[in-house]
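What follows is the structure, encoded as structure tokens:
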């Protein structure tokens, strides 16, 4: 299939052709026709699969050439978790719609809102936004979503990871009931499945995974190593001059922070990006990596999505992913644009099942490096640490009831000498 077979309008086809688009990717082939037909869509696809074009091109066509007056209302809203992704999506809309008279804008936090507000006040057909800034401007009365025809929630699982689901629900509450909704997420945690049921109407579900052939283009190697020695092995490898730039993947946010700290102790400067970092901190770290101010960036899978890094020499899987498709997506970040790339993976005993799934998907065994200073010695699963028993707080000692003279208990809440009778030692008031 070619793009011309997807029934996109000539202005959009012309723009795509100028950008070198010829054959649609799997997600584009599956998603563009139903989006053009006005159906709700639930897409399971990672960044790098051509997802943005899969929703941007048909949205541009659906909105067509009718701008709705000099100050058009917002007719399409794309909600995305980070400034970096918002900018990339906005730029794609501008490129795909360069021959259409539609206005696009992007808003995000961390910068002055004034230029963004000025552009909104001139009228916008398509708005790309991050949740925080969007809700701020709605609250200030600068944005109305009453005329939105198409709503796109991009990177749903990452929204969840970054704690934006409440903000997303606030946005959805502002939208018209009659609208087309597209939800994209790379993974499907229960919270995203629940959200999909509440915002989508009779959706078509499409799913794509990265091509396993990516693995054939990257030089891969595997190090068996025990968990306590991973940080030492990583520090040793990063001393090698051939590692000009390395994107290191960890399974958790706290793991990413720990790796950065351990590398710092070894004299290797690195920065981390993950969902607990602010947009400003992520942007600063990414800029430092792209500028080669640092040569090591440590990331979680969700935080690394949508980030394009040119001339990345190495990807290092500090922790193997538990989904084999994620491995393919990780290593596909190196070796782009005809350049050679290298992927290094660490594997401890507990991760061997993940390794088997990865090798089954890529249909090859990853070459093992046996001669290294930290060979694996622990050949049994890590025992789960039992939770310490909860310490019972001792019950406070019972206070004996205070008694009034004569043996009767004092009235509740009263000290001796208070209440209905005067204490015997209390002086009589003078009349």
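Numbering (my numbering), first residue to last: 243 to 673. Using N, Cα and C, we set each Cβ at its ideal position, and we do this for glycine too. What you are looking at is a predicted structure, and each value in this text was computed from that prediction instead of being measured.
Candidates the options, of which the one nearest residue i by Cα
i	options	result
residue 592	446, 409 and 467	467
residue 423	285, 429, 384 and 478	285
residue 323	261, 546 and 599	546
residue 558	528, 316 and 589	589
residue 489	575, 516, 337 and 388	575
residue 334	447, 297 and 355	297
residue 325	601, 267 and 401	401
residue 498	366, 544 and 460	544
residue 505	479, 551 and 318	479
residue 339	619, 255 and 568	255
residue 553	495, 601, 531 and 622	531
residue 330	343, 347, 318 and 367	347
residue 621	600, 606 and 594	594
residue 278	508, 435 and 295	295
residue 509	526, 538 and 518	538
residue 411	382, 392 and 374	374
residue 428	403, 442, 251 and 415	403
residue 405	417, 433 and 386	433
residue 568	536, 601 and 381	601
residue 416	441, 399, 477 and 435	441
residue 303	623, 258, 438 and 612	258
residue 343	367, 361 and 483	367
residue 571	525, 507, 500 and 491	491
residue 501	473, 516 and 372	473
residue 607	243, 587 and 623	587
residue 485	393, 372 and 536	536
residue 383	393, 392, 362 and 394	362
residue 460	395, 266, 301 and 582	582
residue 534	525, 487, 250 and 483	487
Whether residue i touches residue j by CB criterion (8 Å)
i	j	result
residue 345	residue 390	no
residue 274	residue 248	yes
residue 214	residue 596	The requested residue 214 is not part of the displayed model; the chain covers only 243 to 673.
residue 445	residue 282	yes
residue 556	residue 584	yes
residue 541	residue 514	yes
residue 609	residue 376	no
residue 379	residue 316	no
residue 503	residue 518	no
residue 264	residue 292	no
residue 448	residue 605	no
residue 314	residue 280	no
residue 268	residue 328	no
residue 418	residue 341	no
residue 387	residue 319	yes
residue 243	residue 276	no
Residue i, DSSP secondary structure in three states
i	result
residue 350	coil
residue 244	coil
residue 294	helix
residue 383	coil
residue 651	Only weak support exists for where residue 651 lies, its pLDDT of 49 falling under 50; the value from the coordinates is given anyway. Note: residue 651 maps to strand in three-state DSSP.
residue 481	coil
residue 674	Outside the shown range of the chain (243 to 673) lies residue 674, about which nothing can therefore be said.
residue 254	helix
residue 262	coil
residue 616	coil
residue 285	strand
residue 671	The pLDDT assigned to residue 671 is 47, lower than 50, so where the model puts this residue is not dependable; a value taken from the coordinates is nonetheless given after this. Of the three classes helix, strand and coil, the one that applies to residue 671 here is coil, per DSSP.
residue 596	helix
residue 608	coil
residue 602	helix
residue 621	coil
residue 273	helix
residue 462	strand
residue 422	strand
residue 448	strand
residue 584	strand
residue 368	strand
residue 268	helix
residue 279	coil
residue 570	helix
residue 320	strand
Rounded Cβ spacing between residue i and residue j (contact assumed at less than 8 Å)
i	j	result
residue 397	residue 426	7 Å
residue 603	residue 563	With 8 Å as the limit, residue 603 and residue 563 do not qualify as a contact, their Cβ atoms being about 11 Å apart.
residue 352	residue 521	5 Å
residue 450	residue 299	Not quite, the Cβ-Cβ distance comes to about 16 Å (not below 8 Å), so this is no contact.
residue 349	residue 358	5 Å
residue 413	residue 321	6 Å
residue 407	residue 437	7 Å
Any non-hydrogen atom of the ligand HEM within 7 Å of residue i CB
i	result
residue 417	With respect to the ligand HEM, the structure shown offers nothing to examine, as it has no ligands at all.
Chain D contact for residue i (CB, 8 Å cutoff)
i	result
residue 592	Reference to chain D is not applicable here, since this structure consists of a single protein chain.
Continuous beta strand (DSSP E) assignments of at least 3 residues falling wholly in the segment 477-561: With a minimum length of 3 residues, the continuous beta strand (DSSP E) runs that stay inside the segment 477-561 are 488-491, 513-515, 538-541 and 556-559.
Inside the segment 389-439 only - alpha helix (DSSP H) runs reaching at least 4 residues: Listed in chain order, the complete alpha helix (DSSP H) runs (minimum 4 residues) inside the segment 389-439 are 398-403 and 407-416.
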